[in-house]
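FYI, the numbering for the sequence shown is -20 to -1, 1 to 67, going by mature numbering (1 follows the signal peptide of the UniProt record, and there is no 0).
Cβ atoms here follow ideal geometry from the backbone N, Cα and C, with glycine treated the same way.
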Amino acid sequence: TAAPMKILCLFLLFVFCVSCGPSVPQKKTREIVERKRECYLVRGTCKSECNSWEYVYNYCDTQPCCVVREYEKPKKSAFCNSTNVTY
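Structure follows, in structure tokens:
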């Protein structure tokens, strides 16, 4: 009778441990928080719509994480650098 009791106890322990895992809503909430944190780390903002000067990095929940595109100075062309003018 000791062996079946051990098996029963192990089975109940297994069922109890598996059922105590994070529920689906908790897991989804944790994923949303992680995505928002990642958005803020890249200096983004969670908002309903991105502007033309922003790009979508990821989605916070249903809203996009909008990150400002890096500004690049216009490059000088070889034509503009020429100062030799002959008349």
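(Q) Restricting to runs no shorter than 3 residues, where is the beta strand (DSSP E) found entirely within the region 8 to 57? (A) Qualifying beta strand (DSSP E) stretches, in chain order: 34 to 39, 44 to 48.
Q: Within 10 angstroms of the Cβ of Cys(-12), are there 16 or more other Cβ atoms? Answer buried if so, exposed if not.
A: Residue numbering aside, residue -12 sits at position 9 when the sequence shown is read from its first letter. Label assigned to Cys(-12): exposed.
Q) What do you reckon, are the CB atoms on Val13 and Glu34 nearer than 8 Å? A) Locating residue 13 in the sequence shown gives position 33, counting from the first residue. Locating residue 34 in the sequence shown gives position 54, counting from the first residue. The Cβ atoms of Val13 and Glu34 do not sit closer than 8 Å to each other.
Q) Under 8 Å, do Val22 and Tyr37 count as touching if we go by C-beta distance? A) Residue mapping note: residue 22 aligns to position 42 of the sequence shown, counting from 1. Residue mapping note: residue 37 aligns to position 57 of the sequence shown, counting from 1. Cβ distance < 8 Å, so Val22 and Tyr37 count as in contact.
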